[in-house]
Amino acid sequence: MKKNRKKIIIIVVIVIILAILGIIFGSIDISRVKSGLNPIFCVNTETMRDGGTKVYLGLGYKIIDFNTKSGFDEVKVGPWGIRYEDYLEEIQEYEKNVK
Numbered sequence: 005m006k007k008n009r010k011k012i013i014i015i016v017v018i019v020i021i022l023a024i025l026g027i028i029f030g031s032i033d034i035s036r037v038k039s040g041l042n043p044i045f046c047v048n049t050e051t052m053r054d055g056g057t058k059v060y061l062g063l064g065y066k067i068i069d070f071n072t073k074s075g076f077d078e079v080k081v082g083p084w085g086i087r088y089e090d091y092l093e094e095i096q097e098y099e100k101n102v103k
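Numbering (the numbering used here) for the sequence shown: 5 to 103.
Written out as structure tokens, the structure reads:
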């Protein structure tokens, strides 16, 4: 019984540590990308052919650094499930307002 309890406590502590690291790493990476620098704790998984939009994957988060030919230049942050396609309407709205 005590061995199972120790295992559960160790697992909970590891999950908490990973969550805290994810928050810290995410904060650093987000501020770097918004400042025009490359993130430190993320991996560039994709570069789009729309002008240079980059998708980064971090510890529990994803950063999409938009840089389209039309001038749409924003940073979107969310869980791993966010996609470039989720923001196509926003990009099209921007392009419509620019023209």
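The beta-carbon is built from N, C-alpha and C at its ideal position, and this holds for glycine as well.
Please read all numbers here as calculations on a predicted model, not as lab measurements.
Identity of the residue in the options nearest residue i by Cα
i          : options         : result
residue 99 : 65, 74, 84, 37  : 74
residue 29 : 6, 88, 81       : 81
residue 40 : 24, 6, 11, 70   : 70
residue 76 : 84, 83, 94, 60  : 94
residue 33 : 79, 101, 23, 17 : 79
residue 92 : 15, 102, 72     : 72
Unbroken beta strand (DSSP E) run spanning residue i, endpoints
i          : result
residue 82 : 79-82
residue 33 : It is not in any beta strand (DSSP E) - residue 33 instead sits in the alpha helix (DSSP H) that spans 6-38.
residue 67 : 66-69
residue 61 : 58-61
residue 72 : Note, residue 72: premise wrong, no beta strand (DSSP E); not H, not E.
residue 48 : 47-51
Counted within 10 angstroms of its Cβ, other Cβ atoms place residue i as buried (16 or more) or exposed
i          : result
residue 90 : exposed
residue 62 : buried
residue 68 : buried
Whether residue i touches residue j by CB criterion (7 Å)
i          : j          : result
residue 86 : residue 66 : yes
Assumed close pair residue i, residue j - CB separation to whole angstroms, cut-off 8 Å
i          : j          : result
residue 36 : residue 43 : 5 Å
residue 51 : residue 60 : The pair is not a contact, with the Cβ atoms about 10 Å apart (cut-off 8 Å).
residue 26 : residue 64 : 4 Å
Residue i: first and last residue of the uninterrupted alpha helix (DSSP H) it sits in
i          : result
residue 97 : 92-102
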